[in-house]
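K.L.:
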Amino acid sequence: MPPTLPDPVSAAMCDPVCLNGGSCTKPNVCLCPHGFFGAQCQNAVCSPPCKNGGHCMRNNVCTCPDGYTGRRCEKSKPVLKSFQDPKITNKLLCNQLNPRCMNGGRCVGPNICSCPSGWRGKRCNTPVCSQKCLFGGKCVLPNVCSCRPGYTGVLCGKKIQVRVESKHYHRYSNWGVII
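Counted from 1, the sequence shown has number 174 at position 120 by my numbering; the numbering is strictly sequential.
Structure representation (structure tokens):
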């Protein structure tokens, strides 16, 4: 007795074919295995997702771009010394960064900014005051404090004086304007 062939009318055909172990259940309909999705099961699932431009290759496995490592491409790698021109290498790696260095900071590697004087932080976005702002004042620019109401001065160390004028009280701001 000859082998039985599947009925060509009832056999499911998928074009393009199902990938990553997916099964064709109806014409052009793929049933994807755990960890994959998409019309042809072409997309892998990584949870949490890959970071820094990493690509999910298969269930919870990321491939990382140059300059990154870790299970989810979350760690920066130091720039390799084998590159002939580190300026070009750093420029390529820095152009992939988002967000970029601020306030005149210079990118020197993946997620690494070299900050100018008066700034610090991962993106050079935190001002530095050489002396601490007093009475709850905040450092808003290099060596510039923003004072809470009732205080003034370079470091917010002076309490604002209240004076009597025509039976009305006036409070003076740190700009000398009557409020």
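Positions of the beta carbon are idealized from the N, C-alpha and C atoms, including for glycine.
The beta strand (DSSP E) with residue 167 in it runs from where to where?
P.N.:
Residues 166-168.
K.L.:
Are there 16 or more other CB atoms within 10 angstroms of the CB of residue 206, so buried, or fewer, so exposed?
P.N.:
The residue in question, residue 206, is buried, as its Cβ has 16 or more Cβ neighbours within 10 Å.
K.L.:
Using 7 Å as the threshold, is the C-beta distance between residue 244 and residue 127 below it?
P.N.:
Outside the shown range of the chain, which is 55 to 233, sits residue 244, and nothing can be said about it.
K.L.:
Helix, strand or coil for residue 200, going by three-state DSSP, please let me know.
P.N.:
In this structure, residue 200 counts as strand in the three-state DSSP scheme.
K.L.:
Which residue's Cα is closest to the Cα of residue 176: 211, 76, 162 and 213?
P.N.:
Among 211, 76, 162 and 213, the Cα nearest to that of residue 176 belongs to 162.
K.L.:
With distances taken between CB atoms, is the gap from residue 155 to residue 188 smaller than 7 Å?
P.N.:
No, the pair does not count as a contact, with Cβ atoms beyond the cut-off.
K.L.:
Using DSSP with H/G/I as helix, E/B as strand and the rest coil, what is residue 93?
P.N.:
If DSSP states are grouped into helix, strand and coil, residue 93 belongs with coil.
K.L.:
With residue 53 as the anchor, note down where its beta strand (DSSP E) starts and where it stops.
P.N.:
Here the chain has residues from 55 to 233 only, and residue 53 is not among them.
K.L.:
Can you tell me whether residue 102 is buried or exposed? The criterion is at least 16 other CB atoms within 10 Å of its CB, across all chains shown.
P.N.:
Result: exposed.
K.L.:
Do you know whose CA, among 208, 90 and 97, lies nearest residue 184's CA?
P.N.:
Nearest option by C-alpha distance: 208.
K.L.:
Would you decide whether residue 94 is buried or exposed? Buried here means 16 or more other CB atoms lie within 10 Å of its CB.
P.N.:
Residue 94 comes out buried.
K.L.:
Starting from the C-beta of residue 124, find all residues in its chain whose C-beta is less than 6 Å away, skip the five residues before and the five after it, and write them out in chain order.
P.N.:
Here the set comprises nothing.
K.L.:
Can the beta-carbon of residue 165 be found less than 7 Å from the beta-carbon of residue 130?
P.N.:
Yes. Within cutoff.
K.L.:
Measure from the alpha carbon of residue 121 to the alpha carbon of each residue in 106, 195, 196 and 110, then state which is nearest.
P.N.:
Among 106, 195, 196 and 110, the Cα nearest to that of residue 121 belongs to 106.
K.L.:
Per DSSP, what kind of secondary structure is residue 130 in: helix, strand or coil?
P.N.:
It is a strand residue.
K.L.:
Looking at the secondary structure, which residues open and close the beta strand (DSSP E) in which residue 85 lies?
P.N.:
Its beta strand (DSSP E) spans residues 83-85.
K.L.:
Please classify residue 75 as buried or exposed, where buried requires at least 16 other C-beta atoms within 10 Å of its C-beta.
P.N.:
Flag for residue 75 reads exposed.
K.L.:
Out of 172, 97, 98 and 114, which has the shortest C-alpha to C-alpha gap to residue 195?
P.N.:
The option with the nearest alpha carbon to residue 195 is 172.
K.L.:
Quickly, what does DSSP pair residue 109 with across the bridge? List them, please.
P.N.:
Residue 109 is bridged to 117.
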